[in-house]
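Remarks on the structure that follows.
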Amino acid sequence: MAGVQVGAGAVPWAALDHSALGLPATCDLPASKALDALVHATAGVAYLKWFEYQLAAAMHAELVEPFEDEDRRELDAFTRCAATIATTLSITQGAARTLLTDAVALRDRLPLVAECLRDGVVTPHHIRTIVSRTELIEGQCYAALVDADIARALRRPGSWSPARMETMVDTMVDRRDPDAVRARREKAKRNREFTVEIGRDGLASATDTRPAEDIVALHASVKRLAAQVCPKDTRSKAARASDAHYALITQTGFGCDCDRPITDCRYKNIDLTKFAATAPRIVIHLVTDTTTLTGPVPAPENERVCRSPQHLPRPDLAVDTSASVTTEPSAAEPVASEPAAAETVAPETVAQGTVATEPVASETAAAQSVSPDRVDVSADRDAAASDAAVDHTRGCEEPMGMDFVDGVGFLPGIGIISGAHVRDLAADPRTIIRPLGDGTDTPLPATQPSNPYRPSAALDAYVRARDLFCTWPGCNRPARDGDLDHITEYDHTHPEKGGRTSATGLGAKCRFHHLLKTFADFVDDQYPDPTDPSRLIRTITIPDGRTVLGPAFTGHDVHPGLDAIVFGDPPTENGHRPRPTPAERQRPAPRTEQKHARRRQERNRNRLRRVIPPDDTPPPF
C-alpha cells in the first residue's frame, strides 16, 4: 500500500504565477515597494483565511450537522471532524476545534463580518475577538442586526487596534441585547472565584475572577511595586510583575536582582510596609453619561421588535408602513444626583463621572447625556442617512424583550461595561461624580488661565474620553494613561501662529508614539470631517510618504453626546518665554550592549553555581 502525501497533485504556492496573484516576482524590492506588496499580501492572507473558514464550514455541514442533534458519543461527530483537520494540518485538537467553531459562527451568525474578512477590510486576528464577544447572541433573531452593525463599523475608513475592536463589538452587542448584559453582570458577581491550575516545570497559574474595577486597582498596585528596581535588573517586566504580585499577597520580600552589592543599589530590599504607607491613591476613571446614571429609559416602539431583514414578517401581523419613530428628548441633569423632572427639556448635558473603590478612589472622566433617539451608536451618520431610504418595516416582528434602553460606561484598561455596572460603581460612597459642563451652551474653557499651553481640566477629560485609546493606528494603550499631544507643534513664542491648545489641536498618544512623532520622521494630522465637523479625521504619514488613517471608532460612537460639547477659543497672548528644543532621551547604553551585559550577568551566575558547591554540612545544632 502506497502512502499518499498531503496535498499531492497540488501546485506548490512558490510555483504559482506571482503576477496572477498581484505579487511581485521577487522580494528584493525597495522599502516603499516592499511595503505596498506587504499591504497587498496582508489582504491576500485575509482572503485565504476567509477561504479556509469556508472550507471548514463545508466540512462541518457534511460531517457534523446531520448528526449533531442526536450524537451523544464522547468522540462525537464534531470531535472527529476536528481531529481530521488537526491531523491533516498538524495542528492541535484545540486549534482545529476553534477553526470549526469560528467557521460556523461566520457562516451562520456573522455572514457580513465574513464578507469584510474576504474583502480584506478586517484582518484574521480580529475575527476571534468578534466571534467570541458575540457568542451570547447565538440563536437570537436579532443576531443579523448585530452582524450588520459590526460590518458597517468595520467598513468605515480608519484603523483598528484589538482594544478598539473589543470596545466596538461590546457596544454593538449591548445596543441590541442590554437585558442579557445585565443578566451577565449579576451572574458574574455571584460567580467570582479564585482557582489554581498546576502547570509544567513546577509552575502553576492562579486566576482571581473579580469585578473589573478591583482588578484595575490590583494591576496598578502590582505595576507600581514592580517598577521599584534599578535599570540593571535582569527580569522581564512580566516576571517582575509576577514577583511583585506574590510579594504583595504574602507580604514577603521584593527587590532588585541586579549583581550590584546592596550598598550600591537602594532597591535591593523594598520595605512593603513603608511602600504601602507612601502609596498614592489608585484612581479609576470611568466615562459615562447622565442618563446612564439615572437608569434605563423606555425604548422606542420600533426598537422592541427584531426588524431583522433575514426574517419574513408574520402573515397575521399587519404592517403599518407609515409609522414613524417618536422619542422624547433627554432631561437635563447636570450632576445626575436625582432624576430630572419629566417636564424639563434642556440641551444635553455632559457628566463627568468619577468611580472609586477602596483602596481605589476614583476620579471622573467626561461624557455626555444621550437622548433615547440617539441610542444607535452602531453606524456613522452617512450610513444612517443611507439606511433611512431602506424599508425597515419589513422583517421579523418578534419581540426583542428590549422594553428599556440603557447606556454604557467605558473603563480604561477594561473596555465597555453595562449601565448596571456603572450604577453599582456610582452608588459607592467613595465615588466622585464630576459633570463636564453645566448643561448650557456656554463654551467651556480650553486652557488653564495662566498658561495657554496647558489644557484645562475639562478639555483634558474631554480629549481622553473622545479618543478612548492612543490615536496611533493599532495601539491599545488607553488614552487615560498617555499624553495629550499638540498635533501641530505649539509655538511658545507666537501661539497664534498654530499648534493651539484646543479640542481639534490635541490628541491622546501613549508615551512611545508621542516620542516617535516628536523625534522620528512620522507626521500626524488631525482636522474636522467636512461632512461632520464634530468628528475628526486623523492621519499618520510614515517616512516613505504613505498616509495611514487613524481610528475608525472613537468615544463619539460610545457616547454620542460628546458631539455637543463646545470649548472656547484659547487665548492668544504671549506670556511665556520660548522653550528650548526638546532633547531625545538617551538609553543608558546601546540596545546591543545592554543585551550583551544581561547575557554576561546570566553566564556569570551560572558559573558561580557550578564552581561553588552547595553547602551540605549539617547545622551545628
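Numbering-wise, the sequence shown is residues 1 to 621 according to our numbering.
Ideal Cβ positions, reconstructed from N, Cα and C, are used throughout, including at glycine.
A quick note: this is a predicted structure, and the numbers were derived from the prediction, not measured.
1. I'd like the list of long-range same chain contacts for ALA239, defined as Cβ closer than 8 Å, with 5 residues on each side in sequence excluded.
2. Which two residues bound the contiguous beta strand (DSSP E) that contains LEU484?
3. Are the beta-carbon atoms belonging to ALA292 and VAL558 less than 7 Å from one another?
4. By how many angstroms is the C-alpha of GLU115 removed from the C-alpha of VAL11?
5. So VAL566 and PRO443 are in contact, right, with Cβ under 8 Å, and what is the actual spacing, rounded?
6. According to DSSP, is ALA206 part of a helix, a strand, or is it coil?
7. Since ASP524 is in the beta strand (DSSP E), which residue starts that stretch and which ends it?
8. Run through the stretch 248-301 for me and flag every whole beta strand (DSSP E) of 3 or more residues, listed as ranges in chain order.
9. Is the Cβ-Cβ distance between PHE410 and MET168 less than 7 Å?
10. On a Cα-Cα basis, can you pick out the residue from ALA244, ALA279, TRP472, THR98 that is closest to LEU622?
11. Kindly indicate which three-state DSSP category LEU468 falls into: helix, strand or coil?
12. Quick one: grab the DSSP three-state call for GLU631.
13. Quick check: the Cα distance between ILE416 and ASP441, rounded to an integer number of angstroms?
14. Less than 7 Å separating the beta-carbons of HIS99 and ALA56?
15. Which residues bound the alpha helix (DSSP H) around THR79?
16. For TRP160, does the count of other Cβ atoms within 10 angstroms reach 16, so buried, or fall short, so exposed?
17. Let's see if you can read the secondary structure: which residues bound the alpha helix (DSSP H) around SER534?
18. Can you grab the Cα-Cα spacing for the pair THR518 / GLY507, in whole Å?
19. Pull up the DSSP beta-bridge partners for LEU549, would you.
20. Under 7 Å between C-beta atoms, does ASP257 make it to chain B?
21. Taking 7 Å as the cut-off, decide whether the C-beta atoms of ARG535 and GLN526 are in contact.
22. In the DSSP assignment, find the alpha helix (DSSP H) that holds LEU21 and state where it starts and stops.
23. Tell me whether the stretch 281-288 and the stretch 247-264 touch, counting them as touching only if at least three CB pairs, one residue from each stretch, are closer than 8 Å.
24. Please list the terminal residues of the continuous alpha helix (DSSP H) segment that includes LEU516.
25. Grab the span of the beta strand (DSSP E) containing PRO452 for me, first residue to last.
26. Given ALA14, which residues of its chain have a CB within under 7 Å of its CB, disregarding the five upstream and five downstream residues?
27. Helix, strand or coil for ILE414, going by three-state DSSP, please let me know.
28. Would you tell me roughly how many angstroms separate the C-alpha atoms of ALA20 and LEU63, rounded to the nearest one?
29. Helix, strand or coil: which one does DSSP assign to ALA503?
30. Starting from THR195 and walking both ways along the beta strand (DSSP E), at which residues does that stretch end?
31. Enumerate in chain order the residues of its own chain whose CB-to-CB distance from ARG40 is below 6 Å, with the five nearest sequence positions on each side excluded.
32. State the DSSP-derived secondary structure class of GLY498, mapped to helix, strand or coil.
33. Could you tell me the distance, in whole angstroms, from the CA atom of ASP460 to the CA atom of MET165?
34. Are ALA244 and LEU218 close, meaning C-beta to C-beta below 7 Å?
35. Would you call GLN140 buried or exposed, if buried means 16 or more other Cβ atoms sit within 10 Å of its Cβ?
36. Only counting the same chain, and skipping five residues up and downstream in sequence, which positions put a Cβ closer than 6 Å to that of GLU413?
This is what the structure holds:
1. Result list for ALA239: empty, nothing under 8 Å.
2. LEU484 -> beta strand (DSSP E) spans 483-486.
3. Note that residue 292 is Thr in the sequence shown, not Ala. Result no, Cβ atoms of THR292 and VAL558 do not sit closer than 7 Å.
4. Per the coordinates, the alpha-carbon of VAL11 lies some 27 Å from the alpha-carbon of GLU115.
5. Contact holds; Cβ gap of about 5 Å.
6. ALA206: strand per DSSP, three-state reduction.
7. In this chain, the beta strand (DSSP E) harbouring ASP524 covers 523-529.
8. Within the stretch 248-301, no complete beta strand (DSSP E) run reaches 3 residues.
9. Contact: no.
10. This structure leaves residue 622 out entirely; the chain is present only between 1 and 621.
11. In this structure, LEU468 counts as coil in the three-state DSSP scheme.
12. Because the chain spans 1 through 621 in this model, residue 631 falls outside it and cannot be assessed.
13. Cα to Cα, ILE416 sits roughly 29 Å from ASP441.
14. The displayed chain sequence assigns Leu, not His, to residue 99. A distance below 7 Å separates the beta carbons of LEU99 and ALA56.
15. Its alpha helix (DSSP H) spans residues 77-89.
16. The residue in question, TRP160, is buried, as its Cβ has 16 or more Cβ neighbours within 10 Å.
17. DSSP places SER534 in no alpha helix (DSSP H) but in the uninterrupted beta strand (DSSP E) bounded by 532-541.
18. Rounded to the nearest whole angstrom, the CA to CA distance from THR518 to GLY507 is 13 Å.
19. Residue pairing of LEU549 in beta bridges, as defined by DSSP: THR539.
20. Looking for chain B here will not work: only one protein chain is present.
21. No.
22. Here LEU21 belongs to no alpha helix (DSSP H), and DSSP marks it neither H nor E.
23. Put simply, the stretch 281-288 does not touch the stretch 247-264. Fewer than three CB pairs are less than 8 Å apart.
24. The continuous alpha helix (DSSP H) containing LEU516 extends over residues 511-519.
25. It spans 451-455 - the beta strand (DSSP E) in which PRO452 sits, taken as one unbroken run.
26. Once the five neighbours on either side are set aside, ALA14 has no close Cβ partner at all.
27. If DSSP states are grouped into helix, strand and coil, ILE414 belongs with coil.
28. Rounded to the nearest angstrom, the gap between the Cα atoms of ALA20 and LEU63 is 34 Å.
29. In the structure shown, ALA503 sits in coil (DSSP, three-state: anything other than H, G, I, E or B).
30. Per DSSP, THR195 belongs to the beta strand (DSSP E) from 193-198.
31. Contrary to the premise, residue 40 reads as His rather than Arg in this sequence. Counting only Cβ-Cβ distances below 6 Å, and skipping sequence neighbours, we find GLY22.
32. Looking at GLY498 - three-state DSSP - the assignment turns out to be coil, as it is neither helix nor strand.
33. The C-alpha of MET165 is placed about 24 Å away from the C-alpha of ASP460.
34. Not in contact: ALA244 and LEU218 (Cβ atoms no closer than 7 Å).
35. The residue is buried, with at least 16 neighbouring Cβ atoms inside 10 Å.
36. Checking the displayed sequence, the identity of residue 413 turns out to be Gly instead of Glu. Taking C-beta separations shorter than 6 Å and ignoring five residues to either side along the sequence, the partners of GLY413 in its chain run VAL216, PRO478, following chain order.
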